[in-house]
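A.B. asks:
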Amino acid sequence: MLEYVNLELALPQDEYKKRLRPLQQRLYELEHAVFDAKIPVIIVFEGWAATGKGRLITLLAERLDPRGFRVVPITPPRTAETRYPWMWRFWQKIPARGQMVAFDTSWYRRVLIERLNKTVKKTELRAAYQDIVEFEEMLSADGTVILKFWLHISEADQKKRIKKLSKDKLTAWQVSEEDQLQNKRYEKFTTYVEDMIARTDSPHSPWTIVEAADRYYMRIKVFETIIASLETRLGLPASSETKPKRPRVTKEMKGAVNA
555 MLEYVNLELA LPQDEYKKRL RPLQQRLYEL EHAVFDAKIP VIIVFEGWAA TGKGRLITLL
615 AERLDPRGFR VVPITPPRTA ETRYPWMWRF WQKIPARGQM VAFDTSWYRR VLIERLNKTV
675 KKTELRAAYQ DIVEFEEMLS ADGTVILKFW LHISEADQKK RIKKLSKDKL TAWQVSEEDQ
735 LQNKRYEKFT TYVEDMIART DSPHSPWTIV EAADRYYMRI KVFETIIASL ETRLGLPASS
795 ETKPKRPRVT KEMKGAVNA
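This note's numbering runs 554 ahead of the 1-based position in the sequence shown.
1. On the premise that Trp661 lies in contact with Ile686, defined as a C-beta separation below 8 angstroms, what is that separation, rounded to the nearest angstrom?
2. Is the region 567-581 in contact with the region 598-610, if contact means three or more CB pairs nearer than 8 angstroms?
3. Of all the alpha helix (DSSP H) runs that stay within the bounds of the region 684-739, which reach a length of 4 or more residues?
4. Please specify which runs of the alpha helix (DSSP H), each continuous and at least 4 residues long, are wholly inside the region 734-791, giving them in chain order.
5. When you compare only the Cα positions, how much space is there between Thr612 and Gln684?
6. What runs of the alpha helix (DSSP H), each 4 residues or longer, lie entirely inside the region 565-636?
7. Taking the straight line between their C-alpha atoms, what separation do you get for Trp640 and Arg663?
8. For Lys775, which residues from the same chain have a beta carbon less than 6 angstroms from its beta carbon, with the 5 sequence-adjacent residues on both sides left out?
9. Looking only at its own chain, which residues have a Cβ that is under 8 angstroms from the Cβ of His586, when we skip the five neighbours before and after it?
10. Starting from Leu670 and walking both ways along the alpha helix (DSSP H), at which residues does that stretch end?
11. From the DSSP output, which residues share a beta bridge with Met654?
12. Kindly indicate if chain C contains any beta-carbon less than 8 angstroms away from that of Arg621.
13. For Tyr558, does the count of other Cβ atoms within 10 angstroms reach 16, so buried, or fall short, so exposed?
14. Roughly how many whole angstroms lie between the Cα atoms of Gln579 and Tyr740?
15. Following the continuous alpha helix (DSSP H) through Arg643, name the residue where it begins and the one where it ends.
16. Grouping DSSP H, G and I as helix and E and B as strand, with all else coil, what is Glu562?
17. Which of helix, strand or coil does DSSP assign to Lys675?
18. Using the C-alpha atoms, what's the distance from Thr673 back to Arg773?
19. Out of Lys723, Trp727 and Leu705, which has the shortest C-alpha to C-alpha gap to Thr762?
20. Using 8 angstroms as the threshold, is the region 623-637 in touch with the region 703-722, meaning 3 or more CB pairs across them?
21. What did DSSP end up calling Tyr662 once you bin it into helix, strand or coil?
22. Just mark Lys571 as buried or exposed, buried being the case when its beta carbon has 16 or more other beta carbons within 10 Å.
Next comes the structure, spelled out in structure tokens:
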């Protein structure tokens with residue numbers, strides 16, 4: 555699946571700067587439209603370590619009304635949270651009607667990082683996938699818009715980025731042991747990602763694979779995808795500049811995993 559991703563896609567800096575501000579303004583307008591329509595919105599960000607998720611989310615939130623948009627970073631469960639079913643802590647974070655929430659990693663940690671760390675059993679993994687699918691189906695049936703992004707870069711690019719972050723005292727703290735392990739076992743982790751997308755991509759909670767080698771292209775594609783999805787849900791006409799330029803997950807890509 556992921557071998558189909560074109561990581562050579564890029565956007566010139568001047569074009570990026572020209573397009574970013576109008577997209578931020580349009581997202582601000584849609585935030586208020588979503589509030590008026592009482593539509594809850596969930597935006598999930600997953601991806602390789604060092605792809606720039608944090609900066610991307612900052613740009614999304616930068617011009618939004620904080621009363622209607624919040625960011626939820628997901629870390630390993632705390633001791634108190636382990637006393638409940640594993641999905642409990644995510645139920646506590648879902649948006650109210652008319653609110654938007656961006657998850658910086660999410661419930662997919664269970665089938666990615668925990669799987670990589672071998673802290674989840676095969677039976678628990680199967681159950682986790684069922685829980686996730688039912689969770690998203692329930693939210694969608696209740697009116698929630700669910701958008702999921704996988705930020706993709708190559709093994710060599712990730713290794714280079716991690717090395718650069720680790721060398722700088724101001725950014726070394728951003729690199730965790732999990733990040734290092736992810737790159738060390740890149741091929742294995744890729745199979746986990748492909749498995750996740752194939753099992754959980756659906757019309758009501760679609761995955762969008764984002765070519766993240768170029769940060770400018772990545773950011774604009776995410777903005778355009780979110781905006782186009784919200785315009786569609788709200789029944790608003792989509793402008794040509796906000797239509798996603800590439801498909802999310804094609805039948806050929808799914809077939810490559812299921813073969």
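Quick reminder that beta carbons are idealized off the backbone N, C-alpha and C, glycines included.
C.D. replies: On the basis of the supplied data:
1. What you label residue 686 is simply residue 132 of the sequence shown in a count that begins at 1. What you label residue 661 is simply residue 107 of the sequence shown in a count that begins at 1. At roughly 6 angstroms, the Cβ-Cβ gap stays under 8 angstroms, so Ile686 and Trp661 are in contact.
2. At 8 angstroms Cβ cutoff, the stretches do not touch.
3. Counting whole runs of 4 or more residues, the region 684-739 contains the alpha helix (DSSP H) stretches 709-721 and 731-738.
4. You should have 740-754 and 769-788.
5. Taking the first residue of the sequence shown as 1, we reach residue 612 at position 58. Taking the first residue of the sequence shown as 1, we reach residue 684 at position 130. When rounded, the separation of the alpha-carbon atoms in Thr612 and Gln684 is 32 angstroms.
6. Complete alpha helix (DSSP H) runs here, min 4: 567-591 and 607-615.
7. On the sequence shown, position 86 is the one that residue 640 refers to. On the sequence shown, position 109 is the one that residue 663 refers to. Going from the Cα of Trp640 to the Cα of Arg663 covers about 11 angstroms.
8. The count along the sequence shown starts at 1 and reaches residue 775 at position 221. So the qualifying residues of the chain are Val764.
9. If you number the sequence shown from 1, residue 586 lands on position 32. By the criterion of a C-beta distance shorter than 8 angstroms, His586 is surrounded in its chain by Asp619 and Gly622, once the five residues flanking it on both sides are discounted.
10. Residue 670 sits at position 116 when you count from the first residue of the sequence shown. Leu670 -> alpha helix (DSSP H) spans Ile667 to Leu670.
11. Mapped onto the sequence shown, residue 654 falls at position 100. Looking at the DSSP assignment, Met654 forms a beta bridge with Val595 and Phe623.
12. Chain labels in this structure do not include chain C; a single protein chain is all it has.
13. Here residue 558 is taken as the residue at index 4 of the sequence shown, counted from 1. So Tyr558 ends up on the exposed side.
14. Position 25 of the sequence shown, counted from the first residue, corresponds to residue 579. Position 186 of the sequence shown, counted from the first residue, corresponds to residue 740. Spanning the two alpha carbons is a distance of roughly 37 angstroms.
15. Along the sequence shown, one-based indexing puts residue 643 at 89. DSSP places Arg643 in the uninterrupted alpha helix (DSSP H) bounded by Trp642 to Trp645.
16. Residue mapping note: residue 562 aligns to position 8 of the sequence shown, counting from 1. In the three-state reduction of the DSSP assignment, Glu562 falls in the coil class.
17. Along the sequence shown, one-based indexing puts residue 675 at 121. Coil at Lys675, not helix or strand.
18. One-based indexing of the sequence shown puts residue 773 at position 219. One-based indexing of the sequence shown puts residue 673 at position 119. Cα to Cα, Arg773 sits roughly 33 angstroms from Thr673.
19. Translated into positions along the sequence shown, residue 762 becomes position 208. Per the C-alpha coordinates, the member of Lys723, Trp727 and Leu705 positioned closest to Thr762 is Leu705.
20. Verdict: no, contact absent.
21. Here residue 662 refers to the residue found at position 108 when the sequence shown is read from its first residue. In the displayed model, Tyr662 falls within a helix according to three-state DSSP.
22. On the sequence shown, residue 571 is found 17 positions in, with the first residue counted as 1. Exposed is the call here.
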